[in-house]
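Chemist: Residue numbers (the numbering used here): 341 to 578.
Backbone N, C-alpha and C define an ideal beta-carbon position, used for all residues, glycine too.
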Amino acid sequence: MNHRTTTRPWVRAFARGLAGLNARHPWSHNDHFHGWVLRRLPVRRRSALDVGCGLGGLVGLLADRFDRVDDVDADAAAVRWAAERFSDDGRVTVREQAFGDVRPPEGSDGYDLVTMVAVLHHLDLVPALEHARGLVAPGGRFLVVGLARVSTRRDVAVDLLSAFANPVVGLVKHPRAVRPARSGAAEDGSPAAPDVLLRDATDTVDAIARAAESALPGARVRRRLFFRYTLEWTAPRV
Ligand SMILES: C[S@@+](CC[C@H](N)C(=O)[O-])C[C@H]1O[C@@H](n2cnc3c(N)ncnc32)[C@H](O)[C@@H]1O
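1) Between the stretch 376–394 and the stretch 452–463, do at least 3 Cβ pairs fall closer than 8 Å?
2) Report the three-state DSSP secondary structure of F482 (helix, strand or coil).
3) Which residues mark the beginning and the end of the alpha helix (DSSP H) in which V419 is found?
4) Determine, using beta carbons only, whether R539 and H462 come nearer to each other than 8 Å.
5) Please give the ranges of any alpha helix (DSSP H) in the stretch 351–381, keeping only runs that are unbroken, at least 4 residues long and fully inside the region.
6) When you compare only the Cα positions, how much space is there between V512 and G447?
7) Which residue marks the beginning of the beta strand (DSSP E) containing R560, and which one marks its end?
8) I'd like the span of the alpha helix (DSSP H) that includes R493, first residue to last.
9) How long is the line joining the alpha carbons of D543 and V496, rounded to whole angstroms?
10) Closer than 7 Å by C-beta to A418: which residues in its own chain qualify, once you throw out the five before and the five after it? Chain order, please.
In structure tokens:
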């Protein structure tokens with residue numbers, strides 16, 4: 341039997357049209373979840389750590405809400421960019437550091453908040469979750485916005501819904517069409533993270549939920565629209 345695997349021309353044309361619309365009305369799936377983070381801040385707000393802070397999109401929002409915000413990223417160019425951006429803000433420290441080397445602030449019982457936005461899939465899952473557990477103060481929160489490998493029909497259904505909703509959100513958030521950059525370089529000259537630090541997501545949401553339940557008992561992991569899942573965990577008070 342001859343199994344035809346070629347996608348039908350109208351499907352390809354539709355996908356091209358959707359991609360073009362998305363490129364003209366771009367928006368950040370990561371930044372979209374900053375509101376989710378801000379709605380889940382812990383009660384005590386002495387210190388926050390943003391892991392893999394990149395260019396520092398979340399940092400300014402946390403600095404307005406915490407006494408001290410530490411940001412770490414393994415990419416020197418991103419750290420230089422973020423450090424320059426927050427050079428006048430005494431509450432913010434940006435460090436070039438791998439997550440595995442991060443320790444709780446000296447003399448403290450941990451960070452009141454640890455965040456990772458689009459970072460966890462670049463790390464080894466179980467060691468990263470265990471290390472995060474050791475960094476969060478009792479009663480503090482660990483909040484993750486992550487990317488996962490699509491595997492089940494449920495994953496596919498949520499992603500399909502996201503693909504259709506994506507241009508609608510783009511038109512609302514960014515109604516004026518832009519001309520997509522040909523080179524892929526950012527218009528503001530900000531650096532892109534080097535490929536060596538970036539990996540494709542290999543863990544599924546179900547696998548992440550199982551790992552989280554074991555390393556962070558009580559953690560809640562949920563599939564979200566727009567190609568992300570969320571993980572939230574509150575450290576038990578001892
Ligand atoms: C996709 S970017 C996300 C940046 C930012 N959180 C955002 O929402 O735009 C992933 C970031 O994780 C950083 N990263 C990768 N591995 C890391 C590690 N082991 N420790 C710290 N940062 C890491 C990369 O340098 C990159 O800046």
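Modeler: Looking at the coordinates:
1) yes
2) For the purposes of this step, residue 482 is taken as the residue at position 142 of the sequence shown. Looking at F482 - three-state DSSP - the assignment turns out to be strand.
3) Here residue 419 corresponds to residue number 79 of the sequence shown, with the count starting at 1. Looking at the DSSP string, the run of the alpha helix (DSSP H) that includes V419 is A416 to R425.
4) On the sequence shown, position 199 is the one that residue 539 refers to. On the sequence shown, position 122 is the one that residue 462 refers to. Yes. Within cutoff.
5) 374–378
6) The residue you call residue 512 lines up with position 172 of the sequence shown. The residue you call residue 447 lines up with position 107 of the sequence shown. Cα-Cα distance, rounded: 46 Å.
7) Mapped onto the sequence shown, residue 560 falls at position 220. Counting along the chain, the beta strand (DSSP E) containing R560 begins and ends at R560 to R564.
8) The sequence position of residue 493 within the sequence shown is 153, counting from 1. Residues R493 to K513.
9) Looking up residue 543 in the sequence shown gives position 203. Looking up residue 496 in the sequence shown gives position 156. Whole-angstrom Cα-Cα distance: 15 Å.
10) Numbered from 1 along the sequence shown, position 78 holds the residue referred to as residue 418. Closer than 7 Å at the Cβ level, and outside the excluded window around A418, lie G394, L395, P531 and A533.
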